[in-house]
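Just so you know, we're using the numbering used here here: the sequence shown kicks off at 63 and counts up by one. Every residue, glycine too, gets a C-beta built ideally from N, C-alpha and C. Here's the structure, in structure tokens; my notes come after.
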Amino acid sequence: MGQVLDKFHGRDWRKRQIRKISDKVFEHIKNQSGRNKLTFEDLYIAVLLVYNDINKRLPGPHFDPPSKDQIRSMMQGLLVTLVVAPTVAVAAKRATEDVPGVGKVVRKVPTSIYASLVTLAIVWFQTSRQEIE
Numbered sequence: 063m064g065q066v067l068d069k070f071h072g073r074d075w076r077k078r079q080i081r082k083i084s085d086k087v088f089e090h091i092k093n094q095s096g097r098n099k100l101t102f103e104d105l106y107i108a109v110l111l112v113y114n115d116i117n118k119r120l121p122g123p124h125f126d127p128p129s130k131d132q133i134r135s136m137m138q139g140l141l142v143t144l145v146v147a148p149t150v151a152v153a154a155k156r157a158t159e160d161v162p163g164v165g166k167v168v169r170k171v172p173t174s175i176y177a178s179l180v181t182l183a184i185v186w187f188q189t190s191r192q193e194i195e
């Protein structure tokens, strides 16, 4: 019954709840790891904490957290994308600089911005493809 009434609190209430969840996870990670590196186990615990709090605090259906294998495969895909995509973007920029019409525009865009845009587009494409599957 409480979750039904919570729907009427509005967008600000929902933002406050999400902020509480993220602050709790951040504090847990900060307190648990006195080291500078975040291990896979720390990441998985953080994901479980987020899903647990989402299911407790926010109204709506129950969300099951992803398995360790799903998180591991997402991380590997993301790392490959973040390493390979900028390299491909720089090579593509160099290749298109001599194309008539397009080359003038490509030359004006700084390489860092061009690489960032291409990387974001590839990450967006990957995540939208994963949502479809």
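If you draw a straight line from the C-alpha of residue i to the C-alpha of residue j, how long is it?
i: Lys77; j: Ile116; result: 12 Å
i: Tyr106; j: Pro128; result: 9 Å
i: Ser135; j: Ala157; result: 32 Å
i: Ile175; j: Val150; result: 14 Å
i: Gln79; j: Ser190; result: 26 Å
i: Asp74; j: Lys82; result: 12 Å
i: Ile132; j: Leu110; result: Looking at the sequence itself, residue 132 is Gln, so the reference to Ile does not match. Whole-angstrom Cα-Cα distance: 13 Å.
i: Phe125; j: Tyr113; result: 7 Å
i: Val199; j: Ala153; result: Here the chain covers residues 63 to 195 and nothing more, so residue 199 does not appear.
i: Val161; j: Val167; result: 10 Å
i: Gly139; j: Gly72; result: 36 Å
i: Glu159; j: Lys130; result: 43 Å
i: Pro121; j: Glu103; result: 28 Å
i: Arg119; j: Gly165; result: 52 Å
i: Arg169; j: Ile184; result: 21 Å
i: Phe187; j: Ser84; result: 26 Å
i: Pro172; j: Leu144; result: 18 Å
i: Lys92; j: Leu179; result: 32 Å
Helix, strand or coil: which one does DSSP assign to residue i?
i: Leu100; result: coil
i: Glu89; result: helix
i: Phe187; result: helix
i: Ser84; result: helix
i: Gly122; result: coil
i: Asp115; result: helix
i: Gly72; result: coil
i: Gly163; result: coil
i: Pro148; result: helix
Where does residue i land, buried or exposed, given buried means 16+ other C-beta within 10 angstroms?
i: Thr181; result: buried
i: Ala177; result: buried
i: Ala147; result: buried
Compare the Cα-Cα distances from residue i to each of the options and report the closest residue.
i: Glu89; options: Ala108, Leu144, Gly163, Phe102; result: Ala108
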